[in-house]
Amino acid sequence: MASMIPAGVYRTSYREDMTILATRNSRLALWLGILLVCATPLVFGRYELGLLVNIGIMGIAALGLNILVGFTGQISIGHAAFFGFGAFASAWLHERYHVPVALCIPLAGLMTALVGLVFGAPAARLKGLYLAIATLAAQFILEDFFARAQWFTGGVAGRITEPFEILGWRADREETYLYVVLAWVIIMFVGASNLMRTRDGRALVAVRDHYLSAEVMGINLAYYRTLSFGIASLYAGIAGALYAHYLLFVSVEAFNILLSIQFLGMVIIGGLGSVAGSLMGAAFMVLLPEAVQALADALAGGAVDRALRLGNSISFLREMAIGAAIILFLIFEPDGLARRWRLIKAYWKLYPYSH
Amino acid sequence: MDWSLLLQLTLNGLIVGALYGVVAMSFVLIYKASQVVNFAQGEFLLVGAWVCWWMLTDWQLPFWAGFLFTLAFMTVFGIVLQVVVLRPLIGEPVISVIMATIGLGIFFQALMKWIFGVFAKPFPPIFAVDQVSVLGLQVQTVYLMSLGISVLIMAGFAWFFTASKHGLAMRATAFDQQVAQSLGVSVPKVFAMSWAISAVVSSVAGVVVGVVNGVSSALSFYGIKVFPAVILGGLDSVVGAVLGGLIVGLLENWAQYLDAQWLNWGNMYTIAPFYALILILLVKPYGLFGTRNIERV
Numbered sequence: 015m016a017s018m019i020p021a022g023v024y025r026t027s028y029r030e031d032m033t034i035l036a037t038r039n040s041r042l043a044l045w046l047g048i049l050l051v052c053a054t055p056l057v058f059g060r061y062e063l064g065l066l067v068n069i070g071i072m073g074i075a076a077l078g079l080n081i082l083v084g085f086t087g088q089i090s091i092g093h094a095a096f097f098g099f100g101a102f103a104s105a106w107l108h109e110r111y112h113v114p115v116a117l118c119i120p121l122a123g124l125m126t127a128l129v130g131l132v133f134g135a136p137a138a139r140l141k142g143l144y145l146a147i148a149t150l151a152a153q154f155i156l157e158d159f160f161a162r163a164q165w166f167t168g169g170v171a172g173r174i175t176e177p178f179e180i181l182g183w184r185a186d187r188e189e190t191y192l193y194v195v196l197a198w199v200i201i202m203f204v205g206a207s208n209l210m211r212t213r214d215g216r217a218l219v220a221v222r223d224h225y226l227s228a229e230v231m232g233i234n235l236a237y238y239r240t241l242s243f244g245i246a247s248l249y250a251g252i253a254g255a256l257y258a259h260y261l262l263f264v265s266v267e268a269f270n271i272l273l274s275i276q277f278l279g280m281v282i283i284g285g286l287g288s289v290a291g292s293l294m295g296a297a298f299m300v301l302l303p304e305a306v307q308a309l310a311d312a313l314a315g316g317a318v319d320r321a322l323r324l325g326n327s328i329s330f331l332r333e334m335a336i337g338a339a340i341i342l343f344l345i346f347e348p349d350g351l352a353r354r355w356r357l358i359k360a361y362w363k364l365y366p367y368s369h
Numbered sequence: 054m055d056w057s058l059l060l061q062l063t064l065n066g067l068i069v070g071a072l073y074g075v076v077a078m079s080f081v082l083i084y085k086a087s088q089v090v091n092f093a094q095g096e097f098l099l100v101g102a103w104v105c106w107w108m109l110t111d112w113q114l115p116f117w118a119g120f121l122f123t124l125a126f127m128t129v130f131g132i133v134l135q136v137v138v139l140r141p142l143i144g145e146p147v148i149s150v151i152m153a154t155i156g157l158g159i160f161f162q163a164l165m166k167w168i169f170g171v172f173a174k175p176f177p178p179i180f181a182v183d184q185v186s187v188l189g190l191q192v193q194t195v196y197l198m199s200l201g202i203s204v205l206i207m208a209g210f211a212w213f214f215t216a217s218k219h220g221l222a223m224r225a226t227a228f229d230q231q232v233a234q235s236l237g238v239s240v241p242k243v244f245a246m247s248w249a250i251s252a253v254v255s256s257v258a259g260v261v262v263g264v265v266n267g268v269s270s271a272l273s274f275y276g277i278k279v280f281p282a283v284i285l286g287g288l289d290s291v292v293g294a295v296l297g298g299l300i301v302g303l304l305e306n307w308a309q310y311l312d313a314q315w316l317n318w319g320n321m322y323t324i325a326p327f328y329a330l331i332l333i334l335l336v337k338p339y340g341l342f343g344t345r346n347i348e349r350v
């Protein structure tokens with residue numbers, strides 16, 4: 015395997031054509047990245063590690079939404095509700111049936127996928143903005159269900175969850191839980207990359223690009239739209255379960271519409287239809303509030319701070335930053351960070367002869 | 054059976070439903086004219102109500118002056134939003150446009166919380182008499198005013214779309230943009246105008262609700278309550294929007310009655326319209342009056 019791609023297409027086998035990482039360098043870079051993340055507990059404090067854990071969890075959920083929105087072209091404004099369902103399902107499985115936490119997470123994912131299929135069944139007939147509105151309704155209905163179903167969610171009081179444990183190894187701190195999340199991130203992202211190389215994955219893209227042509231070519235629209243909803247819910251459920259066992263407490267308020275919008279924002283900012291972009295978008299969305307906080311801290315005590323009441327309104331400033339980021343990306347970089355990353359790579363590849 | 058409660062709730066339903074109808078109408082206006090699904094409709098109510106409140110309290114303007122200023126402000130606001138945010142997105146896929154309006158929604162909601170705080174603030178009293186008696190029921194004067202304003206706006210819409218030149222241009226654009234353009238209609242102007250009208254009309258509803266319940270970020274929830282109404286009526290039908298609004302208003306009040314009398318589930322008031330929404334989408338996705346868009350291979 016070469017370390018760089020030659021200019022032009024010299025692929026002679028399907029195997030070469032289908033490969034996810036085309037060069038030795040990109041493979042090395044990936045392994046190096048994973049190793050670097052593994053080494054972060056040596057350098058970072060708990061707070062920074064917590065951010066990394068959050069990026070991983072949100073990245074998994076955003077990837078699920080990207081499969082639905084970016085690859086299949088279906089819109090969902092109810093992703094946070096499915097994320098929340100996964101969190102409650104995992105906590106409930108452990109408390110009610112004493113399933114070990116390590117098993118709870120995939121099981122919760124499967125349960126959420128089933129719920130997603132139920133809500134996805136109407137989605138098979140709907141598209142575009144009708145689907146957006148239907149999922150908006152699903153968000154409110156599920157939120158109401160969470161508040162009502164005391165047996166499942168602990169009601170408005172919420173539910174305490176147990177930390178992750180496998181073979182006597184407990185992951186109840188950021189330093190250890192990071193590895194659990196990292197493992198799941200690798201599984202889910204490799205899974206998604208592979209999905210896109212299969213017949214099913216290509217069928218999803220065909221449904222997005224031109225659903226009438228796809229149907230003519232023998233793709234069952236209803237089946238693939240529902241399937242894509244199920245896969246998205248599976249990802250949301252697993253991410254939600256990871257979130258539950260990270261915070262060790264789940265309550266209804268966390269899974270509101272703002273989180274759904276944030277997930278959509280991650281997908282848009284990362285890049286629609288880009289697997290790696292989902293993680294970039296998640297990182298952006300997790301770090302954006304930190305940047306706002308840092309900015310407010312830098313201005314604290316000054317005239318600007320006093321005039322604008324920055325310190326007391328930091329949560330509003332964060333929400334505004336999220337809204338503004340979504341709009342600015344849509345107007346100025348509709349293909350997201352994934353495209354920007356490709357441009358940067360191309361710049362260095364061609365340097366100094368960029369034209 | 055508690056008849057007087059049922060009657061009271063039905064009346065409430067009609068009054069709130071008329072307001073939903075007004076907001077739904079301005080939502081449909083934007084959708085028809087520029088094919089944009091506006092998820093920030095509720096924020097129009099919010100911004101309008103806060104601006105009016107600010108004029109009345111901090112600037113001590115009389116109600117009519119503050120109200121007129123609000124209308125002028127919202128005209129500019131609607132046009133600026135359309136030109137700055139939505140115009141660059143013409144031709145982009147549906148999801149981008151939807152996301153842009155969602156982004157606008159959370160931006161302005163947070164901005165209003167930042168400027169005016171999170172607590173509901175009451176309007177200064179506008180009427181000398183608080184309550185009047187209609188058919189033996191005690192009705193607040195502001196409710197009557199709200200019903201009156203709603204009917205007035207609806208009549209205005211009906212006149213605008215059937216008799217005025219701009220209204221006809223707008224309908225032509227909604228029917229076929231290219232043909233309208235070739236007949237001398239300025240499509241960008243029509244887009245901007247539809248946003249301005251929508252913002253103004255929504256802000257009137259916002260001020261009315263603010264006078265009744267006080268101004269708070271709960272106002273932006275009207276923008277979400279609008280969806281069951283417009284889906285029920287059909288996304289591109291003005292008449293359907295009004296009827297849908299009335300039905301949703303009645304539905305949620307009757308759901309509350311059922312709940313209070315027999316079910317005791319709680320929260321039915323907010324959640325019932327969403328169940329109805331899912332049902333309608335399953336059974337009749339184009340609503341009562343919407344244009345059927347039949348595509349089969």
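Chains E and P are the protein sequences, given in the same order. Residue numbering for the first sequence follows my numbering, starting at 15 and increasing by one per position. Residue numbering for the second sequence follows my numbering, starting at 54 and increasing by one per position. Glycine is no exception: its CB is placed at the ideal position from the N, C-alpha and C atoms.
| Check | Outcome |
| --- | --- |
| For Val279 of chain P, which residues of its own chain have a beta-carbon under 7 Å away from its beta-carbon, when the five flanking residues on both sides are left out? | Tyr73, Val76, Ala77, Phe80 and Gln94 |
| What would DSSP say about Ile174 of chain E, mapped onto helix, strand or coil? | strand |
| For Ile34 of chain E, list the residues DSSP reports as bridge partners. | Answer is none; Ile34 of chain E lacks a bridge partner. |
| For a contact meaning CB atoms closer than 8 Å, what does Gly215 of chain E contact in chain P? | Neighbours of Gly215 of chain E on chain P: none; closest Cβ ~20 Å, over 8 Å. |
| Is Ser186 of chain P helix, strand or coil when you go by DSSP? | strand |
| Taking the continuous alpha helix (DSSP H) assigned at Trp106 of chain P, which residues delimit it? | Gln94 to Thr110 |
| Spatial neighbours of Asp55 of chain P within its chain, please: C-beta separation below 6 Å, excluding the five flanking residues on both sides. | none |
| Based on Cα-Cα distance, which residue from E:Leu56, E:Gly315, E:Phe277 and E:Gly350 lies nearest to Ile283 of chain E? | E:Gly350 |
| Hey, Asp229 of chain P and Tyr84 of chain P: beta-carbon distance below 8 Å or not? | no |
| Could you check where the alpha helix (DSSP H) with Arg211 of chain E kicks off and where it finishes? | Note, Arg211 of chain E: premise wrong, no alpha helix (DSSP H); not H, not E. |
| Mind checking who Val192 of chain P pairs with in its DSSP beta bridge? | P:Val185 |
| Are the beta-carbon atoms of Ala75 of chain E and Thr175 of chain E separated by less than 8 Å? | no |
| Let's test the definition: count the other Cβ atoms within 10 Å of the Cβ of His112 of chain E and tell me whether it reaches 16, buried, or not, exposed. | exposed |
| If you draw a straight line from the alpha carbon of Gly205 of chain E to that of Arg216 of chain E, how long is it in whole angstroms? | 14 Å |
| Using a Cβ-Cβ cut-off of 8 Å (strictly less than) and excluding sequence neighbours within five positions of Val350 of chain P, which residues of its own chain qualify? | The pLDDT assigned to Val350 of chain P is 44, lower than 50, so where the model puts this residue is not dependable, and the model offers no usable value. |
| Looking at the secondary structure, which residues open and close the alpha helix (DSSP H) in which Arg139 of chain E lies? | Segment: none, Arg139 of chain E is in no alpha helix (DSSP H) and carries neither H nor E. |
| By alpha-carbon positions, which one of E:Ile201, E:Leu156, E:Ala95 and E:Leu278 ends up nearest to Leu82 of chain E? | E:Leu278 |
| Please classify Glu267 of chain E as buried or exposed, where buried requires at least 16 neighbouring CB atoms within 10 angstroms. | exposed |
| Quick one: using the 10 Å Cβ neighbour count with 16 as the cut-off for buried, is Arg212 of chain E buried or exposed? | Going by the sequence as given, residue 212 of chain E is Thr instead of Arg. Thr212 of chain E is exposed by the Cβ-count criterion. |
| Less than 8 Å separating the beta-carbons of Gly70 of chain P and Val291 of chain P? | no |
| Looking only at C-alpha atoms, which of E:Ala360, E:Ala163, E:Gly78 and E:Leu235 sits nearest to Trp318 of chain P? | E:Ala163 |
| Tell me whether Val23 of chain E sits in a helix, a strand or coil according to DSSP, three-state version. | coil |
| Tell me which same chain residues have a C-beta within less than 6 Å of the C-beta of Trp355 of chain E, skipping the five on either side of it? | none |
| Report all residues from its chain with a CB closer than 6 Å to the CB of Pro303 of chain E; omit the five preceding and five following residues, and keep chain order. | Arg332 |
| Just grab the DSSP bridge partners of Arg184 of chain E for me. | E:Glu179 |
| Whose Cβ in chain P lies nearer than 8 Å to the Cβ of Val83 of chain E? | Ile148 |
| Using DSSP's beta-bridge definition, name the partner residues of Lys174 of chain P. | P:Val268 |
| Please list the partners that Ile331 of chain P has in chain E, where partner means a Cβ-to-Cβ separation under 8 Å. | Pro136, Ala148, Ala151, Ala152 and Ile155 |
| For the alpha helix (DSSP H) that Val67 of chain E lies in, which residues bound it at each end? | Arg60 to Asn80 |
| Nearest to Gly220 of chain P by alpha carbon, out of P:Gly156, P:Val204 and P:Val240? | P:Val240 |
| Can you pull the chain E neighbours of Leu142 of chain P, defined as C-beta to C-beta under 8 Å? | Leu344 and Ile345 |
| Apart from the five residues just before and just after Val264 of chain E, which ones in its own chain have a Cβ nearer than 7 Å to its Cβ? | Ala101, Phe102, Ala105, Gly172, Arg173, Thr175 and Ala258 |
| Can you list, in chain order, the residues of its chain whose CB lies under 7 Å from that of Pro326 of chain P, leaving out five sequence neighbours each side? | Lys278, Pro281, Val301, Leu304 and Glu305 |
| For the candidate residues E:Glu30, E:Phe85, E:Trp45 and E:Gly70, whose alpha-carbon lies nearest to that of Asp223 of chain E? | E:Phe85 |
| Give me the chain E residues within the contact set of Asn320 of chain P, using Cβ-Cβ distance strictly less than 9 Å, ordered along the chain. | Asp158, Ala161 and Arg162 |
| Exposed or buried, which one is Pro136 of chain E when buried takes at least 16 other CB atoms within 10 Å? | buried |
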